[in-house]
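Structure first, commentary second.
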Amino acid sequence: MSTVQGDKSEAILDAAYGIFGSKGFYETKMSDIADEAGIAKGTIYLYFKSKEQLFVAVSMRDCNSFISRLEYALQANDNTGDKLAAIAKTHLTYYYERRNHTKLFFMAPNNDPDLMKFMKAFMNEYMSIVRSVLESAGVPEPVLLAEAYIGILDRLKMDIMLNPSFNETDLNKRISFAAALFLDGCRSFLQV
């Protein structure tokens, strides 16, 4: 059990993140979260009306952090190739850092309307950022290309999430590979 320091809401979110990540939504009990946060179970309900609302809040905080990290990484790069690499690094590193919390993604309340609404808005924002990078490069079909790039990254994240021996070397290889594949296509990898 940890002790609550600072904001109780943040302590609850921190505890919920860890427990949802290790147990999944359906196996998590509010009393487990309260114990981890060092508060009474009833205190959680002063901040969050339900376990679903708490899960949405955990997801929102995590996704907002992702967007902030992505925007910061893009500001630090000037050319399109570096920006695509920054997107790949942000996306894949996000999942690498959460590889011990896979149940946040695979055991979530997928039928919760508030969660679905938020996730749709998050994906639209993420897509818009990637599309903007491609539009500024003057590529045709920036929407389709943004969808394709995120699709590549989402497939590569599965290696991270499902392979317990996945390491930082594997991560860096996939970051470089994704950006190079997207920029140069398969031709750069062919031995012709």
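Heads up: the sequence shown begins at 863 in my numbering, then just goes up one per residue.
From the three backbone atoms N, C-alpha and C, an ideal C-beta is built for every residue, glycine too.
| Asked | Found |
| --- | --- |
| Over what stretch of residues does the alpha helix (DSSP H) that includes Asp1021 continue unbroken? | 1004–1024 |
| When DSSP labels each residue in this structure, what does Val1001 get in the three-state scheme? | coil |
| Should Thr865 go down as buried or exposed, given a rule of 16 or more other Cβ atoms within 10 Å for buried? | Its pLDDT being 42, under 50, Thr865 is placed unreliably by the model, and the measurement read from it follows with that caveat. Its Cβ having fewer than 16 others within 10 Å, Thr865 is exposed. |
| Who are the near neighbours of His953 in its chain, counting only those whose CB is closer than 6 angstroms to its CB and skipping five residues on each side? | Leu1015 |
| Identify whether Phe984 lies in helix, strand or coil by the three-state DSSP scheme. | helix |
| Cβ atoms of Thr964 and Ala922: under 8 angstroms apart, would you say? | It is worth fixing the name first, because residue 922 is Met in this sequence and not Ala. No, they are not a contact pair. |
| Roughly how many whole angstroms lie between the Cα atoms of Gln867 and Phe1039? | Low confidence applies here, because Gln867 scores a pLDDT of 43, under 50, leaving its location unreliable and the question unanswered by this model. |
| For the alpha helix (DSSP H) containing Phe818, list its first residue and its last residue. | With the chain running from 863 to 1054 in the structure shown, residue 818 is simply not present. |
| For Tyr834 and Ile901, what's the separation of their Cα atoms in angstroms? | Because the chain in this structure spans residues 863 to 1054, residue 834 falls outside the shown range and cannot be described. |
| Near Ala970, which residues of its chain fall below 6 angstroms by C-beta distance, leaving aside the five closest residues on each side in sequence? | Phe887 |
| Suppose you measure from the CA of Val992 to the CA of Phe917; what does that come to, to the nearest Å? | 27 angstroms |
| Suppose you measure from the CA of Leu1018 to the CA of Phe1028; what does that come to, to the nearest Å? | 11 angstroms |
| Out of curiosity, what's the CA-to-CA distance linking Ala938 and Lys951? | 13 angstroms |
| Return helix, strand or coil for Ile901, following the three-state DSSP convention. | coil |
| Buried or exposed: which applies to Val1005, given that a residue is buried once 16 or more other Cβ atoms fall within 10 Å of its Cβ? | exposed |
| Look up Pro971 in the DSSP assignment and say whether it is helix, strand or coil. | coil |
| Look up Phe928 in the DSSP assignment and say whether it is helix, strand or coil. | helix |
| Which residues in the same chain as Glu987 place their Cβ atom closer than 7 angstroms to its Cβ, once the five residues preceding and following it in sequence are excluded? | Ile929 |
| Taking the alpha helix (DSSP H) that Lys945 falls in, what are its first and last residues? | 942–959 |
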